[in-house]
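Numbering (the numbering used here), first residue to last: 34 to 140.
What follows is the structure in C-alpha cells.
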C-alpha cells in the first residue's frame, strides 16, 4: 500500500509549495504579469506575447488554472483567462509569511 507523504505536511506548507511550483517557469511568470497588466485575454493573445508555440502556452495556462491562480471562461470558441485575485492574494500572504520567517531567523 502506497503512503501519501504529502499528508505529512501542514496545509500552509502544501499551499506554498503548490504556488511555488505554479510559477516555476519564466513563461508562467510572464503570463501572470500580462494578465495583471492587461486583464482578461485569450490563449492566442497570450501566446503572441511569448516565443512559444500556442500549444505550449496552452499547457502553461492549464497548469496555472489547476493551481487556482487564474480562471478560464469559455466564450463560444474562445477561452478567456483572467487572474483569480483571491488566490493571488492568498499566494502573496503565504510568500510574505515565509519571507518574514526567513528574514528574521531565531538565532
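In this text, a Cβ means the ideal position worked out from N, Cα and C, and glycines have one as well. Because the structure is a prediction, the values reported are computed rather than measured.
Determine the contact status of residue 104 and residue 115, defining contact as a CB-CB distance below 7 Å.
-> yes
With a floor of 4 residues, list each alpha helix (DSSP H) that falls wholly inside the region 68–119, ordered by position along the chain.
-> 76–80 and 87–100
Answer with buried or exposed for residue 79, where buried requires no fewer than 16 other C-beta atoms within 10 angstroms of its C-beta.
-> buried
Any chance the region 89–97 sits against the region 53–68, with 3 or more Cβ pairs inside 8 Å?
-> yes
Since residue 55 is in the alpha helix (DSSP H), which residue starts that stretch and which ends it?
-> 44–55
Short check: CB of residue 48 to CB of residue 125, under 7 Å?
-> no
What is the DSSP secondary structure of residue 137, reduced to helix, strand or coil?
-> coil
By a C-beta neighbour count over all protein chains shown, 10 Å radius and 16 as the cutoff for buried, is residue 70 buried or exposed?
-> exposed
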